[in-house]
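Chains as they are written, first to last, in UniProt numbering: chain V, 1 to 105; chain U, 1 to 105; chain F, 1 to 105; chain L, 1 to 105.
This report refers to the structure that appears directly beneath it.
4 protein chains.
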Amino acid sequence: MISEQTIDVVRAFSEEREWGQFHTPENLAKSVAIEAGELLECFQWGEGDVAEAKDELADVLTYCILLAERLHLNLDDIILDKLARSAEKYPVALARGRSDKYDKL
Amino acid sequence: MISEQTIDVVRAFSEEREWGQFHTPENLAKSVAIEAGELLECFQWGEGDVAEAKDELADVLTYCILLAERLHLNLDDIILDKLARSAEKYPVALARGRSDKYDKL
Amino acid sequence: MISEQTIDVVRAFSEEREWGQFHTPENLAKSVAIEAGELLECFQWGEGDVAEAKDELADVLTYCILLAERLHLNLDDIILDKLARSAEKYPVALARGRSDKYDKL
Amino acid sequence: MISEQTIDVVRAFSEEREWGQFHTPENLAKSVAIEAGELLECFQWGEGDVAEAKDELADVLTYCILLAERLHLNLDDIILDKLARSAEKYPVALARGRSDKYDKL
């Protein structure tokens, strides 16, 4: 779970430092990608370091929260909305046990 | 907020399709990075399309949830834990209004 | 230009260290993405540090060279081949002065 | 090899479409990362599609060329310069057969 309290802590962390001025949607999207690259680095040569991965995953999530705040998006809503459409693109009967993209099912 | 119910929906979506077999931590870390690239594409030339960004952000979050599940990590915990350490690296008095990295403050 | 001599130096660098065993196409694709994230970090908050960007761009290119080697691809060929197809998707008359994706021209 | 003629073709492709106005270093760095994500997608679930990977690798390289042009960087020079420093960080005697980062050798 990511609780409202956690989101409040993320928001306050940024506000105390007056970082909102840097947090354009574009800069936050870059930040998500940069942290996702650092997360991937934990698995660069196959093996992964969970302790490091944990921190990088946290950074990805923090920037996702800030981006959602900036765009006035509700996290639950956007995840469930997208998943409902993914469920149509990947019907269980066709997609079960297969990693193919929907246009190749 | 990302509620426990939403996490349950994400988990069920994957389980119904028997996709757990593909969801190694490494593959999930790649997936987070891939979706982060698609999110970034919404802002490639500066301007951003919020409707598209919303869907890509949802995809990033969905893979983050699956990765956290796979590594037995609690989302609230890892975010708050990392933020507490970031707060030490970026003291308010030094970091206020500056986008510099901590080693340049 | 990236000369054959430079490609030889990259190849020798890897061979001397017996790193070929780690250089599966998948690991090299991850490495390109990781280094691309580090390149992007130079421009995270808009402003860019050319000296740092230079090094990160070099790392992206080095992994691209190693991936092309591994897949037996000729760099000139694949760039020109792709560009010829992009030229069809983006006819000068339609694409001039516009950053839109081809399906929106 | 990436020949001067290929670089000329890339430059002309952009100039004919008057796309230089969009090619700030920041936008090009984003573009490298976006295309690197698409390259990675070819290997998302382990297996890779070389034909698709070829095209995505070409796109990564094309944006790298445009970024180097924009920053007035010589590709051979930056690769060899970086590799010389990497050779110091990864001495053959220490790094042979190991994928560890230099600070863990």
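Backbone N, C-alpha and C define an ideal beta-carbon position, used for all residues, glycine too.
#1: Between L/Tyr90, L/Ile34, L/Ala12, which has its C-alpha nearest phenylalanine 43 of chain U's C-alpha?
#2: Is any beta-carbon of chain F found at less than 9 angstroms from that of alanine 95 of chain V?
#3: Along chain V, in chain order, which residues have C-beta atoms closer than 9 angstroms to that of aspartate 100 of chain U?
#4: Return the residues of the stretch 56-75 of chain U that lie within a Cβ-Cβ distance of less than 7 angstroms from chain V, sorted by chain order.
#5: Determine whether the Cβ of phenylalanine 22 of chain V lies closer than 9 angstroms to any Cβ atom of chain F.
#6: Please report whether the beta-carbon of glycine 48 of chain F lies at a distance below 9 angstroms from any beta-carbon of chain U.
#7: If tryptophan 45 of chain L sits next to phenylalanine 13 of chain U, beta carbons under 8 angstroms apart, how far is it from one beta carbon to the other, in whole angstroms?
#8: Please list the partners that alanine 53 of chain V has in chain F, where partner means a Cβ-to-Cβ separation under 7 angstroms.
#9: Looking at chain V, which residues of the stretch 28-49 of chain L have a Cβ within less than 7 angstroms of any of its Cβ atoms?
#10: Hey, would you say the C-beta of leucine 39 of chain V is under 8 angstroms away from at least one heavy atom of the ligand COA?
#11: Based on the DSSP output, what are the partners of isoleucine 2 of chain L in its beta bridges?
#12: Could you check what DSSP says for glycine 37 of chain L in three-state terms: helix, strand or coil?
#13: Would you say lysine 82 of chain F reaches chain L, if we count a Cβ-Cβ gap shorter than 9 angstroms as a contact?
#14: Below 9 angstroms between beta carbons: does that hold for aspartate 59 of chain U and lysine 82 of chain V?
#15: Report all residues from its chain with a CB closer than 7 angstroms to the CB of leucine 28 of chain L; omit the five preceding and five following residues, and keep chain order.
#16: I'd like to know whether the C-beta of glutamate 88 of chain F is nearer than 9 angstroms to at least one C-beta of chain L.
#17: Closer than 7 angstroms by C-beta to leucine 57 of chain F: which residues in its own chain qualify, once you throw out the five before and the five after it? Chain order, please.
#18: Cβ of isoleucine 79 of chain F within 9 angstroms of Cβ of valine 50 of chain L?
#19: Name the two residues that bound the continuous alpha helix (DSSP H) containing arginine 70 of chain L.
#20: Applying the criterion that 16 or more other CB atoms from any shown protein chain within 10 Å of the CB defines a buried residue, is proline 25 of chain L buried or exposed?
#21: Any idea what DSSP makes of glutamine 44 of chain U, helix, strand or coil?
#22: Taking buried to mean at least 16 other C-beta atoms within 10 Å of its own C-beta, is glycine 97 of chain U buried or exposed?
#23: Run through chain U and tell me which residues come within less than 8 angstroms of serine 3 of chain V, C-beta to C-beta.
#24: Cα separation between serine 99 of chain F and valine 92 of chain L?
#25: Select from U/Leu75, U/Glu47, U/Lys89, U/Ser3 the residue whose C-alpha is nearest the C-alpha of lysine 101 of chain F.
#26: Return helix, strand or coil for glycine 97 of chain F, following the three-state DSSP convention.
Reading from the atomic positions:
#1: The residue you call residue 43 of chain U lines up with position 43 of the second sequence. Comparing Cα positions, the closest option is L/Ile34.
#2: Taking the first residue of the first sequence as position 1, residue 95 of chain V is located at position 95. Chain F contact via Cβ: absent.
#3: Here the question's residue 100 of chain U lines up with position 100 in the second sequence. Near aspartate 100 of chain U there are no residues of chain V at all, since even the closest Cβ is about 11 angstroms away, more than 9 angstroms.
#4: Leu57, Ala58, Asp59, Val60, Leu61, Thr62, Cys64, Leu67, Ala68, Leu71, Leu73, Leu75
#5: Taking the first sequence and counting its residues from 1, one reaches residue 22 of chain V at position 22. Chain F, which has a Cβ nearer than 9 angstroms to the Cβ of phenylalanine 22 of chain V, makes this yes.
#6: In the third sequence, the residue the question calls residue 48 of chain F occupies position 48. Taking Cβ atoms only, chain U never reaches closer than 9 angstroms to glycine 48 of chain F, which makes this a no.
#7: Taking the first residue of the fourth sequence as position 1, residue 45 of chain L is located at position 45. Taking the first residue of the second sequence as position 1, residue 13 of chain U is located at position 13. Contact flag wrong, Cβ pair sits at about 17 angstroms.
#8: As a working note, residue 53 of chain V is residue 53 in the first sequence. Correct list: empty, because the minimum Cβ distance to chain F is about 13 angstroms.
#9: Lys30, Ala33, Trp45
#10: Looking at this structure, you won't find the ligand COA or any other ligand, since it has none at all.
#11: Here residue 2 of chain L corresponds to residue number 2 of the fourth sequence, with the count starting at 1. In DSSP, isoleucine 2 of chain L forms a bridge with F/Ile2.
#12: Start at 1 with the first residue of the fourth sequence, and residue 37 of chain L comes out as number 37. Looking at glycine 37 of chain L - three-state DSSP - the assignment turns out to be helix.
#13: As a working mapping, residue 82 of chain F is identified with position 82 in the third sequence. By this cut-off, lysine 82 of chain F is an interface position.
#14: Translated into positions along the second sequence, residue 59 of chain U becomes position 59. Translated into positions along the first sequence, residue 82 of chain V becomes position 82. Yes, the pair counts as a contact, with Cβ atoms nearer than the cut-off.
#15: Position 28 of the fourth sequence, counting from 1, holds the residue named residue 28 of chain L. If we look at leucine 28 of chain L and ignore the five residues flanking it on each side, its Cβ neighbours are Tyr63, Leu66, Leu67, Arg70.
#16: Position 88 of the third sequence, counting from 1, holds the residue named residue 88 of chain F. It does not; no Cβ of chain L falls within 9 angstroms.
#17: By one-based count along the third sequence, residue 57 of chain F stands at place 57. Excluding positions up to five away in sequence, the list reads Leu39.
#18: Residue 79 of chain F sits at position 79 when you count from the first residue of the third sequence. Residue 50 of chain L sits at position 50 when you count from the first residue of the fourth sequence. No; because the gap between Cβ atoms is not below 9 angstroms, this pair is not in contact.
#19: If you number the fourth sequence from 1, residue 70 of chain L lands on position 70. Arginine 70 of chain L -> alpha helix (DSSP H) spans 50-70.
#20: Within the fourth sequence, the letter at position 25 stands for residue 25 of chain L. Buried, since its Cβ has 16 or more Cβ neighbours within 10 Å.
#21: Position 44 of the second sequence, counted from the start, is the residue given in the question as residue 44 of chain U. Residue state, collapsed to three classes: coil.
#22: Taking the first residue of the second sequence as 1, we reach residue 97 of chain U at position 97. Exposed, by the Cβ-count rule.
#23: Taking the first sequence and counting its residues from 1, one reaches residue 3 of chain V at position 3. Result: Met1, Asp76.
#24: Indexing the third sequence from 1 puts residue 99 of chain F at position 99. Indexing the fourth sequence from 1 puts residue 92 of chain L at position 92. Rounded to whole angstroms, serine 99 of chain F to valine 92 of chain L spans 46 angstroms at the Cα level.
#25: Mapped onto the third sequence, residue 101 of chain F falls at position 101. The shortest Cα separation from lysine 101 of chain F among U/Leu75, U/Glu47, U/Lys89, U/Ser3 belongs to U/Glu47.
#26: Along the third sequence, read from residue 1 onward, the residue named residue 97 of chain F stands at position 97. DSSP places glycine 97 of chain F in coil when its eight states are reduced to three.
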